[in-house]
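A.B. asks: What follows is a structure written as structure tokens; I'll ask about it next.
Numbering (this note's numbering), first residue to last: 2 to 244.
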């Protein structure tokens with residue numbers, strides 16, 4: 002891969018550019034110029050970050066529904082289809098970050114790296130983790146080692162598979178875990194180490210997934226309704242009956 006490739010950024014509620022940086026976008030997606038701190042992150046990690054990112058959605062991740070998920074999917078698909086885009090970074094609220102990563106891991110037909118990144122502390126808090134997480138996400142998305150590994154989740158110096166990552170705590174920075182198979186690599190200030198070869202996973206994903214491209218052209222009304230019911234002591238049967 003050419004070392005001067007682009008990283009395509011999609012943004013929602015996790016980070017907000019200053020209002021003076023907002024520019025006209027293409028199609029249905031509003032474009033915005035990456036502000037200086039994030040461009041510096043790209044330069045420092047060796048990636049050439051595109052001067053204009055795309056705001057695929059702008060809402061708290063707890064409000065992401067099928068409609069907004071499809072918007073994110075189409076934006077990512079359009080990005081990886083571009084020849085000059087080598088990797089995609091999606092900034093995302095942590096409440097439903099794992100659902101987005103899992104969906105994209107199943108449905109996007111590409112070998113290009115797709116990294117979903119969030120933060121647990123706001124920029125105004127002590128120990129804010131957003132900038133370093135973003136820096137590491139760009140490094141991973143722009144690494145040839147990340148090709149063919151499916152969608153990745155990067156937070157707190159760890160690299161997780163989008164299939165396995167789950168949020169375990171609402172406060173601590175070390176919140177994302179992969180309980181079944183553990184995290185698959187580390188990234189310390191842009192220095193990446195994967196524990197296994199890209200082809201070692203037994204699970205199908207992205208271009209090898211049986212569901213690759215299944216969301217193409219779909220609307221939210223066309224998606225099946227799946228209701229999850231939790232069992233617990235003294236659970237009543239009316240919710241099961243209602244479903």
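No residue lacks a Cβ here, since even glycine has one placed at the ideal position from N, Cα and C.
#1: Taking the alpha carbon of residue 103 as the point to measure from, which residue in 213, 120, 123 has its own alpha carbon closest?
#2: Reducing DSSP to helix, strand and coil, say where residue 27 ends up.
#3: Excluding the five sequence neighbours on either side, which residues of its own chain have a C-beta within less than 6 Å of the C-beta of residue 120, listed in chain order?
#4: With DSSP as the reference, label residue 168 as helix, strand or coil.
#5: Of all the alpha helix (DSSP H) runs that stay within the bounds of the region 69 to 110, which reach a length of 4 or more residues?
#6: Let me check understanding here. Comparing Cα to Cα, which of 149, 117, 223 lies closest to residue 137?
#7: Between residue 81 and residue 170, what straight-line distance do the alpha-carbon atoms span, to the nearest angstrom?
#8: Rounded to whole angstroms, how far is the Cβ of residue 230 from the Cβ of residue 209, which I believe are closer than 8 Å?
#9: What's the C-alpha gap between residue 142 and residue 238?
#10: Using DSSP with H/G/I as helix, E/B as strand and the rest coil, what is residue 176?
#11: Considering only residues of the same chain and omitting the five flanking positions on each side of residue 152, which have a CB-CB separation below 6 Å?
#12: Pop quiz: residue 194 and residue 186 are said to be a contact at Cβ under 8 Å. What is the actual Cβ separation, rounded to whole angstroms?
#13: Are the Cβ atoms of residue 166 and residue 183 separated by less than 8 Å?
#14: If we count the other Cβ atoms within 10 Å of its Cβ and call it buried at 16 or more, is residue 175 buried or exposed?
C.D. replies: Let me spell this out:
#1: Taking the chain shown and counting its residues from 1, the one referred to as residue 103 is at position 102. It is 213 whose Cα lies nearest to the Cα of residue 103.
#2: Along the chain shown, one-based indexing puts residue 27 at 26. Interpretation of residue 27 is limited by its pLDDT of 34, a score under 50 that renders its predicted location unreliable; the figure taken from the coordinates is listed afterwards. Note: residue 27 maps to coil in three-state DSSP.
#3: Here residue 120 refers to the residue found at position 119 when the chain shown is read from its first residue. For residue 120, where only same-chain residues beyond five positions count, the Cβ hits under 6 Å are 130, 131, 134.
#4: The count along the chain shown starts at 1 and reaches residue 168 at position 167. Reduced to three states, the DSSP call for residue 168 is strand.
#5: 98 to 108
#6: Looking up residue 137 in the chain shown gives position 136. Comparing Cα positions, the closest option is 117.
#7: Position 80 of the chain shown, counted from the first residue, corresponds to residue 81. Position 169 of the chain shown, counted from the first residue, corresponds to residue 170. When rounded, the distance between both Cα atoms is 32 Å.
#8: Working through the chain shown from its first residue, we reach residue 230 at position 229. Working through the chain shown from its first residue, we reach residue 209 at position 208. About 32 Å; that fails the 8 Å criterion.
#9: To locate residue 142, count along the chain shown from 1; it is residue 141. To locate residue 238, count along the chain shown from 1; it is residue 237. Rounded to the nearest angstrom, the two C-alpha atoms are 46 Å apart.
#10: Indexing the chain shown from 1 puts residue 176 at position 175. Looking at residue 176 - three-state DSSP - the assignment turns out to be coil, as it is neither helix nor strand.
#11: The residue given as residue 152 occupies position 151 in the chain shown. So the list reads 102, 105, 106, 115, 163, once near-sequence residues are dropped.
#12: If you number the chain shown from 1, residue 194 lands on position 193. If you number the chain shown from 1, residue 186 lands on position 185. Yes, they are in contact, since the Cβ atoms of residue 194 and residue 186 sit about 6 Å apart, within 8 Å.
#13: Along the chain shown, one-based indexing puts residue 166 at 165. Along the chain shown, one-based indexing puts residue 183 at 182. Taking 8 Å as the Cβ cut-off, residue 166 and residue 183 do not qualify as a contacting pair.
#14: In the chain shown, residue 175 corresponds to position 174, counting from 1. Flag for residue 175 reads exposed.
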